[in-house]
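**Q** Residue numbers (numbering that gives the first Met the number 0): 0 to 409.
Just so you know, even glycine gets a beta-carbon here, dropped at the ideal spot from N, CA and C.
Can you read through this structure? Questions will come right after.
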Amino acid sequence: MADIKAFRGFRPRADLVERVAALPYDVYNRKEAKAEVKREPLSFLKVDRAETQFEDEVDMYSPAVYEKAKEILNTMIQEGIYLQEEKAVYYIYELTMEGRTQTGIVACASIDDYQNNIIKKHENTREDKELDRICHVDTCNAQTGPIFLAYRAQKQIDAVVEQQKQKPPVYQFVSPDGIGHAVWVIDADEDIQSIQESFRQIDSIYIADGHHRAASAVKVGLKRRAGHPEYDGTEEFNYFLSVLFPHDQLMIMPYNRVLHDLNGMTEAEFLSCLRADFDIEEQTCPVSPVTKGTFGMYLNQKWYTLQAHADICKDDPVEGLDVSILQKEVFEKLLHISDPRTDKRIDFVGGIRGLQELERRANDDMCLAFSMYPTSILELFGVSDAGRLMPPKSTWFEPKLRSGIFIHQL
């Protein structure tokens with residue numbers, strides 16, 4: 000039974016939302032973040048990445064940086080750039096990319112549901128990355144970047160969403176990357192109750208993207224509980240900002256791989272070893288796999304299709320993933336890359352960058368590239384339901400949720 004509640008959100012004035020809305024903080028490196036804030040001074044990135052307000056020699060994890068984020072956020076609220084809802088509401092957040100639309104409910108999810116595995120995970124998190132967002136949320140006293148959650152589509156929620164979308168949106172704009180954004184406010188008591196009751200009928204919610212933000216938000220909530228032993232569970236720090244999407248509207252893009260070397264093998268030796276587990280066919284154009292168990296490979300300015308033999312394709316929810324097959328049968332067995340999280344000989348390229356980026360990397364700083372068939376949302380559910388973890392960089396979700404459109408104050 001999922002506890003997904005309405006909240007009194009802060010959101011930008013309608014005439015400023017297009018300027019304020021920003022891509023997630025972890026999309027940019029420090030140089031890129033500073034350039035983006037210079038391009039758009041109202042960008043919420045100056046809150047999410049407040050080191051943009053300092054010289055480069057200042058440690059981006061300094062307490063002064065988090066204090067600056069708090070100062071900027073409070074100033075934006077005081078100056079009327081942000082307004083708070085008069086009552087607790089849900090929002091509808093619709094994103095459109097290349098003609099495909101996905102529509103989610105903006106709400107607050109329960110840290111208890113996270114602790115009790117009603118909200119399920121499929122990735123490990125790193126303590127250093129958690130610590131950054133813990134400091135940011137705790138210092139700002141607010142969650143500014145929503146966690147991307149998914150659930151199995153539910154007709155009653157779909158019906159309320161479609162009914163609300165008949166009304167004019169409070170926001171509608173296209174961001175510089177061509178993504179369409181539209182927002183509606185759900186403020187009628189009967190609709191709020193309907194959505195809340197519908198989520199109570201759902202026993203599993205899944206983190207699609209934002210594992211570190213979720214873990215950080217939960218740890219801040221637990222810290223606040225420890226500091227307020229009289230808490231009763233209704234306080235805002237018991238919840239974290241989320242956007243929940245039905246599974247049948249989501250698209251996962253491939254997360255491709257590039258490799259630095261062939262582990263001392265010649266090209267001919269490497270191809271010969273691959274043939275033990277894959278059927279290989281040279282192609283005259285770039286390969287974007289269209290079926291599970293198929294891989295594109297770019298080596299020495301040539302593209303190949305690799306089809307995995309049946310004996311290495313497993314029914315196991317983790318071992319049966321294409322990313323697992325490639326990791327075990329190629330990266331471990333042939334290239335001796337046992338830990339792709341730490342091995343510097345492997346890198347990952349989001350599918351949004353296209354096959355040309357794979358060619359560029361293989362011709363530049365790497366020598367070998369693999370294009371993947373994307374992991375499906377149902378495969379993600381299967382891994383999470385089994386209490387297992389996916390290999391690193393198994394999924395790439397597009398479009399990315401914007402930060403700064405919705406703020407949840409603790």
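When you compare each of His121, Asn123, Glu122, Gly144 to Arg132 by their alpha carbons, which one comes out closest?
**A** Closest option to Arg132, judged by alpha-carbon separation, among His121, Asn123, Glu122, Gly144: Gly144.
**Q** From Gln153 to Met59, what does the alpha carbon distance come to, in whole angstroms?
**A** 42 Å
**Q** Taking only the alpha-carbon atoms, compute the straight-line gap between Val184 and Glu281 and give it to the nearest angstrom.
**A** 53 Å
**Q** For Ala275, which option in Pro288, Ile311, Met264 has the closest C-alpha, if you only look at C-alpha atoms?
**A** Ile311
**Q** Between the Cα of Asp321 and those of Glu126, Phe294, Ile146, spot the shortest distance and give me the residue it belongs to.
**A** Of the candidates Glu126, Phe294, Ile146, Phe294 places its Cα closest to the Cα of Asp321.
**Q** Which of the three DSSP states is assigned to Val219 in this structure?
**A** In the structure shown, Val219 sits in a helix (DSSP, three-state: H, G or I).
**Q** Could you tell me which uninterrupted alpha helix (DSSP H) segments, each at least 4 residues in length, are contained entirely in the segment 38 to 124, listed from first to last along the chain?
**A** 44 to 47, 62 to 77, 110 to 114
**Q** Suppose contacts are defined by Cβ-Cβ distances below 8 Å. Is Tyr89 in contact with Ala5 by that definition?
**A** yes
**Q** Taking the Cβ atom as the reference point for each residue, do Leu334 and Val348 lie within a distance shorter than 8 Å?
**A** no
**Q** With a threshold of 7 Å, establish whether the CB of Lys120 neighbours any heavy atom of the ligand NAP.
**A** The ligand NAP is not part of the structure shown, which contains no ligands of any sort.
**Q** Would Phe239 and Ile146 qualify as a contact pair, given that the criterion is a beta-carbon distance under 8 Å?
**A** Contact: yes.
**Q** Met389 and Tyr254 look like a contact to me (Cβ under 8 Å); what is the Cβ gap, rounded to whole Å?
**A** So it is not a contact: roughly 10 Å between Cβ atoms.
**Q** Quick one: what does DSSP say Leu148 is sitting in, helix, strand or coil?
**A** strand
**Q** Measure the beta-carbon distance from Val64 to Glu50 and round it to whole angstroms, keeping in mind my assumption that it falls under 8 Å.
**A** 5 Å
**Q** In its own chain, which residues sit with a C-beta less than 7 Å from the C-beta of Tyr170, not counting the 5 before and 5 after it?
**A** Ala13, Val16, His180, Ala181, Val182
**Q** Excluding the 5 residues preceding and the 5 following Arg344 in the sequence, name in chain order all residues of the same chain whose CB lies nearer than 8 Å to its CB.
**A** Leu258, His259, Asp260, Leu334, Ile336
**Q** Taking one C-beta from the segment 105 to 124 and one from the segment 215 to 234 each time, how about it: are there three or more such pairs within less than 8 Å?
**A** yes
**Q** In the DSSP assignment, find the alpha helix (DSSP H) that holds Asn362 and state where it starts and stops.
**A** Segment 353 to 362, the alpha helix (DSSP H) holding Asn362.
**Q** Do three or more CB pairs link the segment 86 to 105 to the segment 19 to 30 at distances below 8 Å?
**A** no
**Q** Can you have a look at Gly8 and say buried or exposed, based on whether 16 or more other CB atoms are within 10 angstroms of its CB?
**A** buried
**Q** Going by the DSSP bridge assignment, what does Ala141 pair with across the sheet?
**A** Gln408
**Q** Tell whether a beta-carbon distance below 8 Å holds between Ile204 and Leu94.
**A** no
**Q** Does the CB of Arg12 have a neighbour CB from chain C at under 8 Å?
**A** Considering every chain present, this structure includes no chain C. It has just one protein chain.
**Q** Among residues of its own chain, excluding the 5 on either side of Leu82, which ones have a beta-carbon nearer than 6 Å to its beta-carbon?
**A** none
**Q** Under DSSP, the beta strand (DSSP E) around Glu280 begins and ends at which residues?
**A** 277 to 282
**Q** CB Ala207 to CB Leu148, shorter than 8 Å?
**A** yes
**Q** Closer than 8 Å by C-beta to Arg151: which residues in its own chain qualify, once you throw out the five before and the five after it? Chain order, please.
**A** Ile201, Ser203, Pro245, His246, Phe380
**Q** Could you please give me the residues that DSSP links to Asp239 through a beta bridge?
**A** Asp is not the amino acid found at residue 239; the sequence shown has Phe there. Beta-bridge pairing links Phe239 to Ala108.
**Q** Identify the continuous alpha helix (DSSP H) that holds Phe269 and give its terminal residues.
**A** 266 to 273
**Q** Cβ atoms of Asn299 and Glu266: under 8 Å apart, would you say?
**A** yes
**Q** In the DSSP output, what is Thr293 paired with across the bridge?
**A** Gln306
**Q** Would you report the Cα separation of Phe405 and Pro11, rounded to the nearest angstrom?
**A** 8 Å
**Q** From Tyr297 to Leu367, what distance separates their C-alpha atoms?
**A** Separation of Tyr297 and Leu367 (C-alpha to C-alpha, rounded to the nearest whole angstrom) is 6 Å.
**Q** Only counting the same chain, and skipping five residues up and downstream in sequence, which positions put a Cβ closer than 6 Å to that of Val217?
**A** Ile110, Tyr113
**Q** Could you check if Asp2 is buried or exposed, using at least 16 other CB atoms within 10 Å of its CB as the buried criterion?
**A** buried
**Q** From this set, Pro228, Asp55, Glu39, which residue's C-alpha is nearest Ser174's C-alpha?
**A** Glu39
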